[in-house]
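Residue numbers (this note's numbering), protein chains in the order written: chain X, 1 to 200; chain U, 1001 to 1200; chain G, 2001 to 2200; chain V, 3001 to 3200.
Note sheet for the following structure.
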DNA sequence: CATGAATGAGTCTTCATTCAT
DNA sequence: TATGAATGAAGACTCATTCAT
């Protein structure tokens, strides 16, 4: 029976190598070596190099989305949910630096089918933000004129740009968590009605 | 000048091809064909394929930064400067879709030296935002606790994520300009002191 | 016997797969699957893929030669033996289409040792023709100047080219048996002395 | 401009290597070495290894068919045309041993598109025989009951089996030309009406 | 300056074969 | 005996780069 542990070792190795060199500069043989399997073994578990990258997203992405969901469910106040998202996202980036790097770098890469796949999980992730915004609008805290489709992307983009800075920049000037706090602070002030300004 | 024209033609061609296929899937021969020069000719103007990508950023990036500077100089109010940045950025993306795609996709690519280069122009571009923030803080409109290093990245990231959505997504639900307005609206409310809320 | 059954199943499977895809495009795993055994099991019965092909010839070839011998022994007249060979050969091709295809295609393949092996059985088969010719010459029906070494190959080649046509061609214009009759008719007229023309 | 001489050198080299090792056991690098070009150069002239084999047939096949046509046109008597075909075919095999080997071995190989291509030329070649037979029937020399579709294949098969023997067999017992004569002698006697037996 | 034919290093992928269970 | 996961050697093909013209 194919060994699940071996599959995981390959994904782990690919995670490191892709993060370090980028997808196109990574060699299957290098991943194999790092995973301590033969080159051919990788092809028992993955159809191709592309498939390995996709599977990696699939595997790790599912965990991330699920963790974020759990974290946000614990929070009731929709505005606090937004803050929770920010902190968790940056925190996740800190803890999964390699994955974050790959998402930063390769998520933007071209091959169509990959974009399509990744999108599903990504949209699910993004919608955790818009759900909170909708809720906030329903209970009258968040301004009606906010379009959640724009705001969710803007918020995610803001956080992710910080993540990128943190991941790629050699000098770590800003602590991810405090960045998350400042960014959610700015956003929340930007989203909510004037009368709630002092509450958050 | 003859030469400059040919160099420009190559850059234009590279712009299209890189945007369409991504850097690693683009062939020098394809760029040469589109530019109507011989493959070898490209190497008279650029040291390597990498150098072509860098030069492309250099060439186009200078124009973009310069345009943005001009646009922002016309505006005096620092808060309005921020809004101006947003509108101009999304506008630029709309007008230079290929370049935007490349920046979205390849800017994230890994090869170290490229990241370093790109950073210079990029930092200059980003600092147009932080300069406005500093100014706003100086004249007492923007809250003191805002860290411009975080805010500039967050703001840029927010805009850029919308740009990415617009550039990559087949369905164009959101108009770039109106997105720019909503995003700057959110940010500005998030940045300024409470007492100025009604002013902007 | 259990083992023999498994060995036979592998040979049958190989027969089908080799015929369908050709030796070099056939995979051991595909043969194993068709034979409903594990890949490794094949190596318990055959030393290598090459050996499997050889064994296949050996196994099936023995049957064919033996059948042909029996059929020809029943006929006394050496000239009729020739006709019998023709009819039986084409008939065999019709009944063992896969084997025929493999012989047509792979018998010609290069690896030296295979050619050598196959030759033994093949020569035995061919000699059934030359034996009949010799006999015909001994009893004065077949012309003395006929060189049996040439005639046997020519006759076999003629039949086999028809077999090839039948095996490979999608449109089945000529019925194998009637072809066999015409070809042996031509040959017999070509081999026998003038005075026997009306006899056959 | 791509060098026609270089293309020919590659075909020549492929001819030798394919003949020696068979298509599947031949390496592009080996052909390149023998042709004194770089591996990649082969791909400037041929789309793939398959294409190289096809082009080889195309290139050499055209010459062979054309030569045979010329040779047969010189002969008026349709029966003598048949003999001419035999002698020329075996002669060609003698002179183009490598090509003959490849045709013997690879013509039978599987990939469909190749069989289809080769067929066109092959049918043209075969029809030189059936044309002569038809002519012979028209002028009343060849028996009416002969089906040219069968006879042409039988005759070709007979000659080709001898060619195979000569090409593959280490011991060269039979001289190709004298084989050709005996085979055409047998066939012609088999084809013509009794009253013409003494004429040929 | 311009060309584009030639180069050849580089890598993914396949698949016959092995061997621990 | 039987299995099938693992191996790793092997090779077709690509394409950035060079250089003779």
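Backbone N, C-alpha and C fix where the C-beta goes; we use that ideal spot for every residue, glycine too.
In this structure, what does DSSP give as the bridge partners for residue 192 (chain X)? Counted from its first residue, the first chain places residue 192 (chain X) at position 192. The beta-bridge partner set that DSSP reports for residue 192 (chain X) consists of X:142.
Under 7 Å between beta-carbons, which chain U residues line up against residue 156 (chain X)? List them in chain order, please. Along the first chain, one-based indexing puts residue 156 (chain X) at 156. Under the 7 Å cutoff, chain U gives 1161.
Start-end ranges of the alpha helix (DSSP H) lying completely within the region 3028-3093 of chain V, minimum 4 residues: 3028-3035, 3039-3045, 3049-3073, all fully within the region 3028-3093 of chain V.
With 16 other CB atoms within 10 Å as the buried threshold, where does residue 3179 (chain V) fall? Numbered from 1 along the fourth chain, position 179 holds the residue referred to as residue 3179 (chain V). Residue 3179 (chain V) should be labelled buried.
Once DSSP output is grouped into helix, strand and coil, what is the label at residue 1198 (chain U)? Locating residue 1198 (chain U) in the second chain gives position 198, where the first residue counts as 1. Correct three-state label for residue 1198 (chain U): coil.
Any beta carbon from chain U within less than 9 Å of residue 185 (chain X)'s own beta carbon? On the first chain, residue 185 (chain X) is found 185 positions in, with the first residue counted as 1. Interface criterion met: the Cβ of residue 185 (chain X) is under 9 Å from a Cβ in chain U.
Same chain only: Cβ atoms within 8 Å of residue 87 (chain X), ignoring 5 sequence neighbours per side: The residue labelled residue 87 (chain X) in the question sits at position 87 within the first chain. Exclusion of the five residues before and after residue 87 (chain X) leaves 177, 180, 181, 184 as the residues of its chain whose Cβ lies within less than 8 Å of its Cβ.
Do residue 191 (chain X) and residue 64 (chain X) count as a contact pair if the criterion is CB distance below 9 Å? On the first chain, position 64 is the one that residue 64 (chain X) refers to. On the first chain, position 191 is the one that residue 191 (chain X) refers to. For residue 64 (chain X) and residue 191 (chain X), no; Cβs fall outside 9 Å.
Could you check how far apart the C-beta atoms of residue 1015 (chain U) and residue 1102 (chain U) are, in whole angstroms? I think they sit under 8 Å. In the second chain, residue 1015 (chain U) corresponds to position 15, counting from 1. In the second chain, residue 1102 (chain U) corresponds to position 102, counting from 1. Residue 1015 (chain U) to residue 1102 (chain U), Cβ: 7 Å. Contact.
Within 9 Å (strictly less), CB to CB, does residue 24 (chain X) reach chain U? Position 24 of the first chain holds residue 24 (chain X). Yes, residue 24 (chain X) counts as interfacial toward chain U.
Report the rounded CA-to-CA distance for residue 85 (chain X) versus residue 126 (chain X), giving the unit in angstroms. As a working mapping, residue 85 (chain X) is identified with position 85 in the first chain. As a working mapping, residue 126 (chain X) is identified with position 126 in the first chain. C-alpha separation (whole angstroms): 10 Å.
Residue 2032 (chain G) beta carbon less than 9 Å from that of residue 2013 (chain G): Numbered from its first residue, the third chain carries residue 2013 (chain G) at position 13. Numbered from its first residue, the third chain carries residue 2032 (chain G) at position 32. Judged by their CB atoms, residue 2013 (chain G) and residue 2032 (chain G) are nearer to each other than the 9 Å cut-off.
Reduced DSSP secondary structure (H/G/I, E/B, other) of residue 3136 (chain V): Looking up residue 3136 (chain V) in the fourth chain gives position 136. In this structure, residue 3136 (chain V) counts as helix in the three-state DSSP scheme.
Nearest to residue 1121 (chain U) (by Cα), restricted to the options U:1057, U:1163, U:1193, U:1188: Residue mapping note: residue 1121 (chain U) aligns to position 121 of the second chain, counting from 1. Out of U:1057, U:1163, U:1193, U:1188, U:1057 has the C-alpha closest to the C-alpha of residue 1121 (chain U).
By a C-beta neighbour count over all protein chains shown, 10 Å radius and 16 as the cutoff for buried, is residue 3110 (chain V) buried or exposed? Here residue 3110 (chain V) refers to the residue found at position 110 when the fourth chain is read from its first residue. Note on residue 3110 (chain V): pLDDT 49, under 50, position unreliable in the model; the coordinate value appears next. With 16 or more neighbouring CB atoms inside 10 Å of its own CB, residue 3110 (chain V) falls in the buried class.
What in chain U is Cβ-close to residue 182 (chain X), meaning under 7 Å? Stepping through the first chain from its first residue, residue 182 (chain X) is reached at position 182. Within 7 Å Cβ-Cβ: 1147, 1150.
Nearest-angstrom Cα distance between residue 3029 (chain V) and residue 3036 (chain V)? Position 29 of the fourth chain, counted from the start, is the residue given in the question as residue 3029 (chain V). Position 36 of the fourth chain, counted from the start, is the residue given in the question as residue 3036 (chain V). Approximately 10 Å, taken between the alpha carbons.
Residue 3092 (chain V) and residue 3068 (chain V) closer than 9 Å at C-beta: Position 92 of the fourth chain, counted from the first residue, corresponds to residue 3092 (chain V). Position 68 of the fourth chain, counted from the first residue, corresponds to residue 3068 (chain V). A distance below 9 Å separates the beta carbons of residue 3092 (chain V) and residue 3068 (chain V).
8 Å Cβ shell around residue 1152 (chain U) - same chain, five flanking residues per side excluded: The residue you call residue 1152 (chain U) lines up with position 152 of the second chain. Hits under 8 Å: 1126, 1127, 1129, 1130, 1133.
Does residue 3169 (chain V) come out as helix, strand or coil in the three-state DSSP assignment? Reading the fourth chain from its first residue, position 169 is the one you call residue 3169 (chain V). In the three-state DSSP reduction, residue 3169 (chain V) falls in the coil class, being neither helix nor strand.
Neighbourhood of residue 166 (chain X) by C-beta, 6 Å cutoff - its chain only, sequence neighbours within 5 removed: Here residue 166 (chain X) refers to the residue found at position 166 when the first chain is read from its first residue. Excluding sequence positions up to five before and after residue 166 (chain X), its CB lies within less than 6 Å of the CB of 176, all in the same chain and listed in chain order.
What is the DSSP secondary structure of residue 3098 (chain V), counted as helix, strand or coil? For the purposes of this step, residue 3098 (chain V) is identified with residue 98 of the fourth chain, where counting begins at 1. DSSP, reduced to helix, strand and coil, places residue 3098 (chain V) within a helical segment of the structure shown.
Using a cut-off of 7 Å between C-beta atoms, extract the partners of residue 194 (chain X) located in chain U. Residue mapping note: residue 194 (chain X) aligns to position 194 of the first chain, counting from 1. Those within 7 Å of residue 194 (chain X) in chain U are 1197.
Contacts of residue 81 (chain X) in chain U (Cβ-Cβ under 7 Å): One-based indexing of the first chain puts residue 81 (chain X) at position 81. Within 7 Å Cβ-Cβ: nothing; residue 81 (chain X) doesn't reach chain U, min ~17 Å.
Neighbouring residues, chain U, relative to residue 174 (chain X) (Cβ below 7 Å): Position 174 of the first chain, counted from the first residue, corresponds to residue 174 (chain X). At a beta-carbon threshold of 7 Å, the residues of chain U lying near residue 174 (chain X) are 1149, 1150, ordered along the chain.
7 Å Cβ cut-off: residues of chain V touching residue 2066 (chain G): Position 66 of the third chain, counting from 1, holds the residue named residue 2066 (chain G). Residues of chain V passing the Cβ test: none, with the nearest at roughly 23 Å.
Please report the straight-line C-alpha distance between residue 2040 (chain G) and residue 2034 (chain G), rounded to a whole angstrom. Numbered from 1 along the third chain, position 40 holds the residue referred to as residue 2040 (chain G). Numbered from 1 along the third chain, position 34 holds the residue referred to as residue 2034 (chain G). Roughly 14 Å separates the two Cα atoms.
Alpha carbon to alpha carbon, how far is residue 124 (chain X) from residue 1941 (chain G)? Give it in angstroms, no decimals. Outside the modelled stretch of chain G, which goes from 2001 to 2200, sits residue 1941 (chain G), for which no answer is possible.
Give a yes or no on whether 9 Å exceeds the smallest Cβ distance from residue 1110 (chain U) to chain X. Within the second chain, numbered from 1, the residue matching residue 1110 (chain U) stands at position 110. Here the model assigns residue 1110 (chain U) a pLDDT of 47, short of 50, so the residue's position is not dependable, and the following value carries that caveat. Closer than 9 Å: yes.
Whole-angstrom distance between residue 193 (chain X) and residue 1146 (chain U), CA atom to CA atom: The count along the second chain starts at 1 and reaches residue 1146 (chain U) at position 146. The count along the first chain starts at 1 and reaches residue 193 (chain X) at position 193. Near 20 Å, if we compare the C-alpha coordinates of residue 193 (chain X) and residue 1146 (chain U).
Determine the direct distance from the alpha carbon of residue 53 (chain X) to that of residue 9 (chain X), and round the result to whole angstroms. Locating residue 9 (chain X) in the first chain gives position 9, counting from the first residue. Locating residue 53 (chain X) in the first chain gives position 53, counting from the first residue. Residue 9 (chain X) and residue 53 (chain X) have their C-alpha atoms roughly 14 Å apart.
For residue 2165 (chain G), which residues in chain V fall below 7 Å Cβ to Cβ? To locate residue 2165 (chain G), count along the third chain from 1; it is residue 165. For the C-beta of residue 2165 (chain G), the chain V residues within less than 7 Å are, from N- to C-terminus, 3153.
Starting from residue 3023 (chain V) and walking both ways along the alpha helix (DSSP H), at which residues does that stretch end? Within the fourth chain, residue 3023 (chain V) is the residue found at index 23, counting from 1. Per DSSP, residue 3023 (chain V) lies in no alpha helix (DSSP H) and is assigned neither H nor E.
Measuring alpha carbon to alpha carbon, tell me which of X:90, X:22, X:138, X:27 ends up nearest residue 77 (chain X). As a working mapping, residue 77 (chain X) is identified with position 77 in the first chain. Nearest of X:90, X:22, X:138, X:27 to residue 77 (chain X), Cα basis: X:138.
For residue 179 (chain X), go through chain U and note every residue whose CB falls closer than 7 Å to its CB, in chain order. Translated into the one-based positions of the first chain, residue 179 (chain X) becomes position 179. Neighbours of residue 179 (chain X) on chain U, chain order: 1150.
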